[in-house]
Amino acid sequence: MEKRLRLVAPALAIVLAAIASLAFAEIPLSQRRSGYEQMSREVKAMQDDDTSNPASLSVLDGEALWTRREGSAQKSCADCHHDAETSMRGVSARYPAFDAAKRRPLDIEQRINLCRTEKQQATPLPFESRDLLALTAYLGKQSRGMPIAVISDDDTKPFIEAGRQIYARRQGQLNLSCQNCHDDNAGQKLAGVELPQGHPTGYPLYRLEWQSLGSLQRRLRNCLFGMRAEPYAYGADEYVDLELFLMWRARGMTVETPAVRP
Amino acid sequence: MVATLMLGASASARAQGVRPYTVVGDAIPASLTGAPGDPERGLKIVTNRQVGLCLLCHSGPYPEERFQGTMAPTLAGAGTRWSEGQLRLRMVDAARISPETIMPPYYRVDGLTRVAPGFRGKTILTAEQIEDVVAYLKTLKN
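Protein chains in written order, with the working numbering: chain P, 328 to 589; chain X, 195 to 336.
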């Protein structure tokens, strides 16, 4: 018995290591790079300078919305949360976060809408609407420069794991996984485009190709579309799990919101 | 030893328009359509980013194409390295050659997950297009 174990254990360890390396070739923490670093000098400058960053307008819109009384409660965000620069500092950096009542993580858009419906008694803002993007950009700006700090604990771990599985799963007519491009081939060229590692450091962000601000879910839809995979509905649990996994994968990286991307 | 396998011959595959073919070892020796393809049409498919998608990942002997991929080896010389039948199997379902490959299965509809509605039940290329591409790849000698 003992002899058999001694033979089996190393073999098992090798097999497990092989499976692990096949299943998930994770980028070492120290080698992670934001998509920012792959951009041209011009586009970097656009992101860095608030006066040239096209997303700055949305941040200003968000600031105005922060103090606007809404819904049948006729309360503004500021009525309860006061100065966003203090109360919302570092908040976006730890979203998606676990919501005890919903028993699952909510992303920052869903969290804002929860206050819309429950605290302001107003209708939720549609995904990708101007106002929701503006509020998200305004809140995100309050975390700019701070490290991404989503919480990995007993509550969130199953959802991080669910996101990881979606990330690693082959999908769509082209039968590709997110991991195929963003881990295994990051830095390589997909046609003319250098593949980024796919870190969600700057959302919502202004994408030159969109000529508008867009959420992380919009970005994920774009990638799924490229894979010829069926996109999830905006707000779907799968997106939030994926967002949570991506934020966890980018833990410690710097929030750039509102970023600019080509 | 020659392993012969019937693939794509199930009733459901036929209903979806995938023609049956025979894999012999690491090749599909016979044309999917029973006729040879047209290399000129094959070149157009290979260099078309919406149809063949090849240059997303591959580069090739196309100095006029500015944006070529670096995720896969060059197509130059493919006709020297591989036989017609090997190229055909590579195109039909590259995963049968290397299971972990990222090269899409151009003539397979089974075993795929969450395919977008517009592409569901359809192969990436038709049998005729596969034959055109194979005929073209055969001309890539070095």
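Built from N, CA and C at the ideal position, the CB exists for glycine as well.
Item: Can you name the residues of chain X whose CB is closer than 8 Å to the CB of ALA424/P?; Value: Per Cβ cutoff of 8 Å: no residues; ALA424/P is ~27 Å from chain X at best.
Item: Which partner residues of SER539/P appear in the DSSP bridge assignment?; Value: ARG534/P
Item: Would a C-beta distance cut-off of 7 Å place ILE239/X and ASP304/X closer than the cut-off?; Value: no
Item: Taking the alpha carbon of GLU322/X as the reference point, which residue from VAL286/X, THR216/X, PRO311/X has its own alpha carbon closest?; Value: VAL286/X
Item: So who's on the other strand from THR268/X, going by DSSP bridges?; Value: Paired residue(s): none; THR268/X is not in a bridge.
Item: Applying the criterion that 16 or more other CB atoms from any shown protein chain within 10 Å of the CB defines a buried residue, is LEU349/P buried or exposed?; Value: Low local confidence applies: a pLDDT of 46 at LEU349/P is under 50, so the model's placement there is unreliable, with the coordinate-based value given in what follows. LEU349/P is exposed by the Cβ-count criterion.
Item: State yes or no: is the beta carbon of LEU540/P nearer than 7 Å to at least one beta carbon in chain X?; Value: no
Item: Check LEU184/X in the structure and name its three-state DSSP category.; Value: This structure does not reach residue 184/X, given that chain X is present from 195 up to 336, and the question cannot be answered.
Item: Let me make sure I understand the geometry here. Which of ASN242/X, TYR256/X, PRO298/X, TYR215/X has the alpha-carbon closest to that of LEU334/X?; Value: TYR256/X
Item: Select from the segment 480-505 of chain P all residues with a C-beta closer than 7 Å to any C-beta belonging to chain X, and list them in chain order.; Value: ARG496, ARG497, GLN498, GLY499, GLN500, LEU501, ASN502, LEU503
Item: Does any CB atom of chain P fall closer than 7 Å to the CB of LEU250/X?; Value: yes
Item: Could you compute how far the alpha carbon of PRO523/P sits from the alpha carbon of ILE478/P?; Value: 24 Å
Item: The alpha helix (DSSP H) spanning PHE572/P covers which residue range?; Value: 564-576
Item: Cutting at 8 Å between CB atoms, please list the residues of its own chain near ALA340/X, excluding the five before and the five after it.; Value: As displayed, chain X neither begins before 195 nor continues past 336, which places residue 340/X out of reach and without an answer.
Item: Exposed or buried, which one is ASP480/P when buried takes at least 16 other CB atoms within 10 Å?; Value: exposed
Item: Rounded to a whole number of angstroms, what is the C-alpha to C-alpha distance between GLY236/X and LEU501/P?; Value: 19 Å
Item: Can you check whether the C-beta of GLN536/P is within less than 7 Å of a C-beta belonging to chain X?; Value: With the sequence shown as reference, residue 536/P is identified as Glu, and Gln is not the correct amino acid for it. Chain X contact via Cβ: absent.
Item: Among LEU441/P, ARG457/P, LEU460/P, which has the Cα closest to the Cα of PRO451/P?; Value: LEU441/P
Item: Would you check if there are 3 or more beta carbon pairs closer than 8 Å linking the segment 429-444 of chain P to the segment 562-576 of chain P?; Value: yes
Item: Please state whether the Cβ-Cβ distance between LEU517/P and GLY263/X is less than 7 Å.; Value: yes
Item: Using a Cβ-Cβ distance under 7 Å, would THR264/X count as near chain P?; Value: yes
Item: Can you check DSSP and say which residues form a bridge with ASP426/P?; Value: ARG431/P
Item: Give the secondary structure of THR282/X by DSSP, where H, G and I count as helix, E and B as strand, and everything else as coil.; Value: For clarity, residue 282/X is Arg in the given sequence; the question names Thr instead. Helix, per DSSP.
Item: Just the chain X side, please: which residues come within less than 9 Å of GLY519/P by C-beta, in chain order?; Value: ARG260, PHE261, GLN262, GLY263
Item: In the DSSP output, which residue or residues are listed as bridge partners for GLU488/P?; Value: Partner(s): none; GLU488/P has no beta bridge.
Item: Determine which residues of the segment 306-333 of chain X have a Cβ less than 9 Å from any Cβ of chain P, and write them out in chain order.; Value: LEU306, THR307, ARG308, VAL309, ALA310, PRO311, GLY312, PHE313, ARG314, LYS316, THR317, ILE318
Item: Once you ignore the five residues that flank PHE486/P on each side, which residues in its own chain have a CB closer than 6 Å to its CB?; Value: PRO432, ASP568, LEU571
Item: Against chain P, with Cβ distances strictly below 7 Å, would PRO180/X count as a contact?; Value: The question about residue 180/X has no answer here: the residues shown for chain X are numbered 195 through 336.
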